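Novice:
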Amino acid sequence: MDFKLVTEKLSEAFEQNQVHYALIGGYAVSLWGIPRATVDLDFLVRRDDMDKVREIAESLGYHCIHASENVTQFDAVDTVLGEVDFLHAFRPAALAMLERAELKTVFDGQQPIPVILPEDLIGLKVQALANKPSRTAIDKADIEGLMQIYGDQLDWQRVAGYFALFEMTELYLELKERYHAR
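Just so you know, we're using the numbering used here here: the sequence shown kicks off at 236 and counts up by one.
#1: To the nearest angstrom, how far is the alpha carbon of lysine 239 from that of arginine 335?
#2: Within its chain, find whatever has a CB closer than 7 Å to the CB of tyrosine 397; leave out the 5 residues flanking it on each side and keep chain order.
#3: So valine 345 is in the alpha helix (DSSP H); what residue range does that whole segment cover?
#4: Hey, is the region 315-331 in contact with the region 264-284, meaning 3+ C-beta pairs nearer than 8 Å?
#5: Closer than 6 Å: is that where the CB of serine 294 sits relative to any heavy atom of the ligand FMN?
#6: Let me make sure I understand the geometry here. Which of Glu354, Ile378, Glu412 and Pro347 has the alpha-carbon closest to that of glutamate 247?
#7: Distance check for tyrosine 297 and valine 312, CA to CA, integer angstroms please.
#8: Starting from phenylalanine 398, follow the alpha helix (DSSP H) in both directions and report where the run begins and ends.
#9: When you compare only the Cα positions, how much space is there between tyrosine 407 and serine 294?
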């Protein structure tokens, strides 16, 4: 996958079509300072914008390989385009994540892109722990890496809410003890 090409094409089309989006997933984790290999791009997108997203993706050469109420995944025959996943934002917590997203520049300052905040990335990683236990090692490492770097800056109350939502308060307390500045 050519991350630069795909990021530029999608970002430009999203801006032109007023799609509300933010980068999530492994690439977002790496932009917050955690070295992380990834093979695809993941975005949080307002569910109301998904018709536009589908049209944009298909115009760029993608085809839908999965669509549900919560997520839509696209792949392309051209390996340069790779796979792109879209998590649908329609619940208040996810919509708030989009509103809080911070603009970061990638590719030597050439491309601005909204990226969700570390607290919200942690929240999505907690959700992933609950939904896909086979990825526990990767997602827990991402959570701990973000906590280690941003521990004294995190909104720990928001982070606690994410862990409580998925009945993981014990894990939250363990991690808070380890990473929260005293």
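Backbone N, C-alpha and C define an ideal beta-carbon position, used for all residues, glycine too.
Here the structure is a predicted model, which means the values were calculated and not measured.
Specialist: Result, derived from the coordinates:
#1: C-alpha separation (whole angstroms): 24 Å.
#2: Take tyrosine 397, set aside five residues on each side of it, and the residues of its chain with a beta-carbon closer than 7 Å to its own are Ile357, Gly358 and Val361, in chain order.
#3: First, the residue type needs correcting, since residue 345 is glutamine and not valine in the sequence shown. Per DSSP, glutamine 345 lies in no alpha helix (DSSP H) segment and is marked neither H nor E.
#4: Contact between the region 315-331 and the region 264-284 is present, because at least three Cβ pairs lie under 8 Å.
#5: No copy of the ligand FMN occurs in the structure displayed, which carries no ligand at all.
#6: In this structure, Pro347 is the residue among Glu354, Ile378, Glu412 and Pro347 with its C-alpha nearest to the C-alpha of glutamate 247.
#7: Counting only the Cα atoms, tyrosine 297 lies some 8 Å from valine 312.
#8: Membership of phenylalanine 398 in the alpha helix (DSSP H) is indicated by the continuous run 391-400.
#9: Taking the CA atoms as reference points, tyrosine 407 sits about 43 Å from serine 294.
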